[in-house]
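Asker: With our numbering, the residue at position 282 of the sequence shown is 283, and numbering never jumps. Take this structure first; my questions come after.
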Amino acid sequence: DRSHPALRSHSSPKAPKSKSKSQVKPNQTSKGKSKMKVKSSRKNVTPTKAAANPVPTLPPFDFDSYLREKDNRNFQLLIDQPEKCSVAGGGGGGSSTAPYMLIAVKSVAADFEKRQVVRRTWGQEGLFQNGVSIRTVFLLGIPRNQSSLPLWDRLLAYESEAFKDILLWDFEDTFFNLTLKETHFLQWVNSSCPDVRFIFKGDADVYVNVENILEMLRGQKADEDLFVGDIIFHAKPIRRRSSKYYVPEFVYGAGLYPSYAGGGGFVMSGHTARRLSSACQQVELFPIDDVFLGMCLQQIGVKPSRHEGFRTFGIIKPSAAPHLQTFDPCFYRELMVVHSLTVPQIWLMWNLLHDPNLSCHNRTNPTPCLSPPDSGLSVNKVCVKGGLDVHGRARGCPIRRRFALCAYRSAF
Numbered sequence: 002d003r004s005h006p007a008l009r010s011h012s013s014p015k016a017p018k019s020k021s022k023s024q025v026k027p028n029q030t031s032k033g034k035s036k037m038k039v040k041s042s043r044k045n046v047t048p049t050k051a052a053a054n055p056v057p058t059l060p061p062f063d064f065d066s067y068l069r070e071k072d073n074r075n076f077q078l079l080i081d082q083p084e085k086c087s088v089a090g091g092g093g094g095g096s097s098t099a100p101y102m103l104i105a106v107k108s109v110a111a112d113f114e115k116r117q118v119v120r121r122t123w124g125q126e127g128l129f130q131n132g133v134s135i136r137t138v139f140l141l142g143i144p145r146n147q148s149s150l151p152l153w154d155r156l157l158a159y160e161s162e163a164f165k166d167i168l169l170w171d172f173e174d175t176f177f178n179l180t181l182k183e184t185h186f187l188q189w190v191n192s193s194c195p196d197v198r199f200i201f202k203g204d205a206d207v208y209v210n211v212e213n214i215l216e217m218l219r220g221q222k223a224d225e226d227l228f229v230g231d232i233i234f235h236a237k238p239i240r241r242r243s244s245k246y247y248v249p250e251f252v253y254g255a256g257l258y259p260s261y262a263g264g265g266g267f268v269m270s271g272h273t274a275r276r277l278s279s280a281c282q283q284v285e286l287f288p289i290d291d292v293f294l295g296m297c298l299q300q301i302g303v304k305p306s307r308h309e310g311f312r313t314f315g316i317i318k319p320s321a322a323p324h325l326q327t328f329d330p331c332f333y334r335e336l337m338v339v340h341s342l343t344v345p346q347i348w349l350m351w352n353l354l355h356d357p358n359l360s361c362h363n364r365t366n367p368t369p370c371l372s373p374p375d376s377g378l379s380v381n382k383v384c385v386k387g388g389l390d391v392h393g394r395a396r397g398c399p400i401r402r403r404f405a406l407c408a409y410r411s412a413f
């Protein structure tokens with residue numbers, strides 16, 4: 002995702018078939034037949050101009066053009082799924098027909114294989130623990146380089162017909178237009194899925210332990226504010242022109258960004274999503290979508306909660322135990338989200354975790370857990386398998402769970 006370690010400074014802590022078909026917004030012809038748009042006719046997209054004499058230190062973005070076009074907020078929805086959130090008995094035992102959790106995955110047209118592995122693994126739709134219903138959508142824009150994916154429009158139209166999970170908007174799918182993807186998705190939730198209880202939103206290159214997320218949400222109220230992820234506190238804008246995340250002072254003059262979630266994946270309540278939909282229409286658009294969403298959270302007065310199970314920057318071996326294998330199913334089964342995985346890795350981890358022969362150390366036995374080196378703490382505690390609550394504390398553990406070595410040691 003867009004978040005970069007240089008920004009990070011923690012100072013605190015199979016599915017029931019729908020009777021309705023997905024809708025592809027048509028262009029009407031004289032014969033009354035419909036045909037999806039092949040390319041965007043909108044001019045309000047964010048182009049990147051090639052420099053006359055390319056220099057490695059030049060910013061990868063034309064901020065003058067961005068400033069001219071950034072107030073263009075409303076783009077047509079070309080492929081819709083209007084019945085996505087109509088689910089009989091999807092409220093987890095209640096009378097609501099809305100899904101308990103909606104999974105929204107940022108994608109681009111060319112990433113068909115990534116969408117497929119998500120559909121077949123952690124993004125599966127259906128009924129899960131206690132009968133709760135889960136639905137999945139993929140969020141896309143118009144590909145910039147359409148010649149690299151011939152007939153991309155046909156691909157997405159066929160995908161939508163087959164899987165009924167594609168949302169496509171009429172803006173170019175570029176790094177700096179991800180903010181538009183954020184605002185348009187929130188508008189779609191507000192209009193097409195207003196009663197959803199919880200939302201997981203993330204990238205296609207993550208592994209998500211949906212069972213752990215459902216465990217975390219147990220007891221949470223969907224009509225209250227909730228925003229949980231790998232929260233980045235006190236991040237400073239990057240002024241280095243060679244950085245992908247370079248933001249000049251005339252675009253953002255403050256010294257610190259508001260707290261925001263690394264975009265690999267986060268969870269929010271439907272209530273918070275509806276409030277964000279309104280707030281994001283009032284906040285000036287910003288070219289980094291993770292930071293922009295943090296600005297919207299600040300606008301509504303919601304403080305995001307950091308959870309140790311969300312690993313936006315992947316898994317790094319602890320310096321105290323460099324021999325440990327980070328790609329271990331007994332470790333992954335204790336986490337919520339792990340970012341930056343390949344398609345084979347996601348497929349492999351899914352199958353490893355669902356292997357009936359998988360055997361991990363008994364979590365009920367006392368296990369010494371060492372806190373991270375930067376915490377200044379070295380404590381022993383008992384890790385009891387029972388999931389993590391919304392604050393990242395292990396249920397059944399006497400103190401806050403810190404993942405540096407605890408999950409490893411409890412896995413062997």
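Using N, Cα and C, we set each Cβ at its ideal position, and we do this for glycine too.
For the alpha helix (DSSP H) that Tyr261 lies in, which residues bound it at each end?
Answerer: Stepping through the sequence shown from its first residue, residue 261 is reached at position 260. Note, Tyr261: premise wrong, no alpha helix (DSSP H); beta strand (DSSP E) at 261 to 270.
Asker: Among all the DSSP beta bridges, which residues are the ones paired with Ile233?
Answerer: Position 232 of the sequence shown holds residue 233. Ile233 pairs with Tyr261.
Asker: Look at the Cβ atom of Ala105, then the Cβ atom of Leu140, and state whether they are nearer than 8 Å.
Answerer: Looking up residue 105 in the sequence shown gives position 104. Looking up residue 140 in the sequence shown gives position 139. Yes.
Asker: Helix, strand or coil: which one does DSSP assign to Ile289?
Answerer: Locating residue 289 in the sequence shown gives position 288, where the first residue counts as 1. In the structure shown, Ile289 sits in coil (DSSP, three-state: anything other than H, G, I, E or B).
Asker: Leaving out five residues before and five after Asp112 in sequence, what residues of the same chain have Cβ atoms less than 7 Å from its Cβ?
Answerer: As a working mapping, residue 112 is identified with position 111 in the sequence shown. Excluding residues within five positions, the ones whose Cβ falls inside 7 Å are Ala205.
Asker: Could you pull the DSSP bridge partners for Val138 from this structure?
Answerer: Sequence index remark: in the sequence shown, residue 138 carries index 137 (1-based). Beta-bridge pairing links Val138 to Ala105.
Asker: Do you know how far the Cα of Asn358 is from the Cα of Gly265?
Answerer: What you label residue 265 is simply residue 264 of the sequence shown in a count that begins at 1. What you label residue 358 is simply residue 357 of the sequence shown in a count that begins at 1. Straight-line Cα distance between these residues: approximately 30 Å.
Asker: Terminal residues of the continuous alpha helix (DSSP H) containing Glu84?
Answerer: As a first step, residue 84 must be located in the sequence shown, where it is residue number 83. Counting along the chain, Glu84 falls outside any alpha helix (DSSP H), and DSSP gives it neither H nor E.
Asker: For Ser243 and Phe234, I'd like the C-alpha separation in whole angstroms.
Answerer: Numbered from its first residue, the sequence shown carries residue 243 at position 242. Numbered from its first residue, the sequence shown carries residue 234 at position 233. Each residue's alpha carbon lies about 23 Å from the other.
Asker: As an exercise, report each continuous beta strand (DSSP E) stretch of at least 3 residues that is fully enclosed by the region 143 to 210, in chain order.
Answerer: If we require 3 residues or more, the beta strand (DSSP E) runs fully inside the region 143 to 210 come out as 167 to 173, 199 to 204.
Asker: With DSSP run on the structure shown, which of helix, strand or coil describes Tyr247?
Answerer: By one-based count along the sequence shown, residue 247 stands at place 246. The DSSP-derived three-state label of Tyr247 is strand.
Asker: Would DSSP call Val252 helix, strand or coil?
Answerer: The residue labelled residue 252 in the question sits at position 251 within the sequence shown. In the displayed model, Val252 falls within coil according to three-state DSSP, outside both helix and strand.
Asker: Consult DSSP for Leu215 and reduce its assignment to one of helix, strand or coil.
Answerer: What you label residue 215 is simply residue 214 of the sequence shown in a count that begins at 1. Correct three-state label for Leu215: helix.
Asker: Who does Arg307 pair with in a DSSP beta bridge?
Answerer: By one-based count along the sequence shown, residue 307 stands at place 306. Bridge partners of Arg307: Gly230.
Asker: Does Arg120 come out as helix, strand or coil in the three-state DSSP assignment?
Answerer: The count along the sequence shown starts at 1 and reaches residue 120 at position 119. Of the three classes helix, strand and coil, the one that applies to Arg120 here is helix, per DSSP.
Asker: Could you pull the start and end residues of the alpha helix (DSSP H) that Gln346 belongs to?
Answerer: Position 345 of the sequence shown holds residue 346. Gln346 -> alpha helix (DSSP H) spans 344 to 354.
Asker: Does Ser260 pass the burial test, meaning 16 or more other C-beta atoms within 10 Å, or should it be called exposed?
Answerer: Taking the first residue of the sequence shown as position 1, residue 260 is located at position 259. Label assigned to Ser260: buried.
Asker: Cβ atoms of Ala99 and Val197: under 8 Å apart, would you say?
Answerer: Residue numbering aside, residue 197 sits at position 196 when the sequence shown is read from its first letter. Residue numbering aside, residue 99 sits at position 98 when the sequence shown is read from its first letter. Yes, the Cβ-Cβ distance between Val197 and Ala99 is below 8 Å.
Asker: Anyone know if the C-beta pair for Leu169 and Leu157 falls short of 8 Å?
Answerer: Sequence index remark: in the sequence shown, residue 169 carries index 168 (1-based). Sequence index remark: in the sequence shown, residue 157 carries index 156 (1-based). Yes. Within cutoff.
Asker: Can you name the residues that DSSP bridges to Gly414?
Answerer: This structure cannot settle anything about residue 414, because the visible part of the chain is limited to 2 through 413.
Asker: So, using beta-carbon positions, are Ala262 and Gly310 closer together than 8 Å?
Answerer: If you number the sequence shown from 1, residue 262 lands on position 261. If you number the sequence shown from 1, residue 310 lands on position 309. In this structure, Ala262 sits away from Gly310, with a CB-CB distance that is not shorter than 8 Å.
Asker: Any idea what DSSP makes of Gly377, helix, strand or coil?
Answerer: Stepping through the sequence shown from its first residue, residue 377 is reached at position 376. The predicted position of Gly377 is uncertain, since its pLDDT is 31 and thus under 50; a value taken from the coordinates is nonetheless stated next. Of the three classes helix, strand and coil, the one that applies to Gly377 here is coil, per DSSP.
Asker: Kindly confirm or deny that the region 244 to 251 and the region 297 to 306 touch, where touching means at least three C-beta pairs closer than 8 Å.
Answerer: no
Asker: Taking Gln283 as the reference, which of Ser66, Asp72, Asp65 has the closest Cα?
Answerer: Taking the first residue of the sequence shown as 1, we reach residue 283 at position 282. Checking every option, the nearest Cα to that of Gln283 belongs to Asp72.
Asker: With a CB to CB cut of under 6 Å and the five nearest residues on each side skipped, what residues in its chain are close to Phe76?
Answerer: Taking the sequence shown and counting its residues from 1, one reaches residue 76 at position 75. So the list reads Trp170, Asp171, Phe172, once near-sequence residues are dropped.
Asker: Here's a check: name, in chain order, each residue in its chain whose Cβ is nearer than 7 Å to the Cβ of Glu126, leaving out the five neighbours to either side.
Answerer: Locating residue 126 in the sequence shown gives position 125, counting from the first residue. Hits under 7 Å: Ala16, Ile135, Arg136, Thr137.
Asker: With DSSP as the reference, please indicate the residues paired to Leu78 in a beta bridge.
Answerer: Locating residue 78 in the sequence shown gives position 77, where the first residue counts as 1. DSSP lists Trp170 as partners of Leu78.
Asker: Give the single residue among Ser192, Gly256, Phe267, Lys165 whose Cα lies nearest to the Cα of Arg120.
Answerer: On the sequence shown, residue 120 is found 119 positions in, with the first residue counted as 1. Comparing Cα positions, the closest option is Lys165.
Asker: Is Leu150 near Ala110, with beta carbons less than 8 Å apart?
Answerer: The residue labelled residue 150 in the question sits at position 149 within the sequence shown. The residue labelled residue 110 in the question sits at position 109 within the sequence shown. With respect to the 8 Å criterion, Leu150 and Ala110 are classified as neighbours on the basis of their beta carbons.
Asker: Is Ala408 buried or exposed, if buried means 16 or more other CB atoms sit within 10 Å of its CB?
Answerer: Position 407 of the sequence shown, counting from 1, holds the residue named residue 408. Caution applies to Ala408, whose pLDDT of 33 falls short of 50 and renders its modelled position unreliable; the value that the coordinates give is listed next. So Ala408 counts as buried.
Asker: Could you spell out where the alpha helix (DSSP H) holding Phe328 opens and where it closes?
Answerer: Sequence index remark: in the sequence shown, residue 328 carries index 327 (1-based). Counting along the chain, Phe328 falls outside any alpha helix (DSSP H), and DSSP gives it neither H nor E.
Asker: Tell me whether Leu257 is buried or exposed, calling it buried when 16 or more other Cβ atoms sit within 10 Å of its Cβ.
Answerer: Position 256 of the sequence shown holds residue 257. Exposed is the call here.
Asker: Can you check whether the CB of Leu187 is closer than 8 Å to the CB of Leu277?
Answerer: Within the sequence shown, residue 277 is the residue found at index 276, counting from 1. Within the sequence shown, residue 187 is the residue found at index 186, counting from 1. Yes, the Cβ-Cβ distance between Leu277 and Leu187 is below 8 Å.
Asker: What's the gap between the Cα of Ile214 and the Cα of Asn131?
Answerer: By 1-based counting over the sequence shown, the position of residue 214 is 213. By 1-based counting over the sequence shown, the position of residue 131 is 130. Whole-angstrom Cα-Cα distance: 14 Å.
Asker: Does the beta-carbon of Tyr159 have 16 or more other beta-carbons within 10 angstroms, so that it is buried, or is it exposed?
Answerer: Your numbering for residue 159 matches position 158 in the sequence shown. Result: exposed.
Asker: Apart from the five residues on each side of it in sequence, which residues of its chain come closer than 7 Å, Cβ to Cβ, to Phe251?
Answerer: Position 250 of the sequence shown holds residue 251. Hits under 7 Å: none found.
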